[in-house]
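Participant: I am attaching a structure below and will ask some questions about it afterwards.
Shown next, in the form of structure tokens:
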């Protein structure tokens, strides 16, 4: 992927099971945050949809589509990132993917 350090619209997120970073929208449970997630085609542990990558059988963490604001590919190993990127704070979705410029 050409620009790994850029947030993108969820509609363009890969649904092939690969791990991606997602911004979880703020809610009554807390502030916006970043998590590592993947698309699951569904199995005996849960329905088709987005899951947290630290889910395990019997303890599946699923995300409803409206909970996820945007996504970013995993940074490459040679970027030497020591922490997660900040959640997308913008209100205008047109700013994602650089389309607000």
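Numbering (UniProt numbering), first residue to last: 1 to 101.
Cβ atoms here follow ideal geometry from the backbone N, Cα and C, with glycine treated the same way.
1. State the CB to CB distance for the pair residue 52 and residue 35, rounded to an integer number of angstroms; the pair is presumed to be in contact (CB under 8 Å).
2. Out of curiosity, what's the CA-to-CA distance linking residue 67 and residue 61?
3. Who are the near neighbours of residue 40 in its chain, counting only those whose CB is closer than 6 Å to its CB and skipping five residues on each side?
4. Beta-carbon within less than 8 Å of residue 38's beta-carbon, same chain only, minus the 5 sequence neighbours each way: which residues are those?
5. Using only alpha-carbon positions, find the residue among 75, 71 and 63 that is nearest to residue 27.
6. Run through DSSP, which three-state label would residue 5 get?
Facilitator: The relevant details are as follows:
1. 6 Å
2. 12 Å
3. 51
4. 17, 18, 19, 20, 50, 51 and 53
5. 63
6. coil
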